[in-house]
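What follows is a short report on a single structure.
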Amino acid sequence: MKLRYILFIMLCVFFYIVGQKAISPEKEINDEFRIVFEQEEEFYLLDNILTVKEKEKTLLNLKENTPEVKKELFNKILMEKKEEISLIGNYKKEEWKKENESIISFENKIRKTWDFIQSPAVKILGLMIVILIAIYAVFRSF
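Residue numbers (the working numbering): 67 to 208.
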């Protein structure tokens with residue numbers, strides 16, 4: 067009986083993991099744009115101004131993933147959108163900047179936690195716990 071519960075939980079976890087991989091193309095493009103350009107000083111401006119299609123076009127125009135090429139492309143887009151940026155108030159810019167900083171700090175926390183979870187010691191410990199639970203569930207009825 068308990069083994070069924072354990073198998074059900076493991077099945078739910080499996081489907082959750084598979085479901086996480088099936089994200090929308092727009093989210094994928096936004097995430098990739100963030101990963102590529104988040105080190106730039108005024109990233110938060112373009113992240114909020116550019117549409118998904120413009121972000122995709124920018125990523126396709128990126129010839130190499132080197133810091134110099136990224137900075138050059140970023141500055142080029144920044145100059146193209148200079149008029150749009152000038153229409154945005156300072157309050158909104160500060161709000162976007164704070165939001166971007168909080169996202170980056172959250173991503174760093176998640177990355178550190180994920181790196182810890184992916185360490186071999188934690189994987190072995192998790193496997194041992196699953197085995198012990200399975201053994202307990204099987205031999206509990208005796």
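Built from N, CA and C at the ideal position, the CB exists for glycine as well. On a predicted model such as this, the values are computed, not experimentally measured, just so you know.
Collapsing the DSSP output to three states places serine 171 in a helix. Runs of the alpha helix (DSSP H) lying entirely within the stretch 132–165 and spanning at least 4 residues, in chain order: 133–146, 148–152. Burial state of aspartate 181 is exposed, judged by a 10 Å Cβ sphere holding fewer than 16 other Cβ atoms. By the 16-neighbour rule on beta-carbons within 10 angstroms, tyrosine 110 is buried. Where glutamate 92 is concerned, the enclosing alpha helix (DSSP H) starts and stops at 91–103. Counting C-beta atoms within 10 angstroms of its own C-beta, aspartate 113 has 16 or more neighbours from the protein chains shown and is therefore classed as buried.
Under the DSSP assignment, threonine 124 falls in the alpha helix (DSSP H) whose first and last residues are 118–127.
Straight-line measurement puts the Cα of alanine 200 at about 8 Å from the Cα of isoleucine 72. Between lysine 136 and phenylalanine 103, the C-beta gap is smaller than 8 Å, which places the two residues in contact. In this structure, the beta-carbon distance from isoleucine 143 to threonine 117 does not fall below 8 Å. The DSSP-derived three-state label of arginine 206 is coil.
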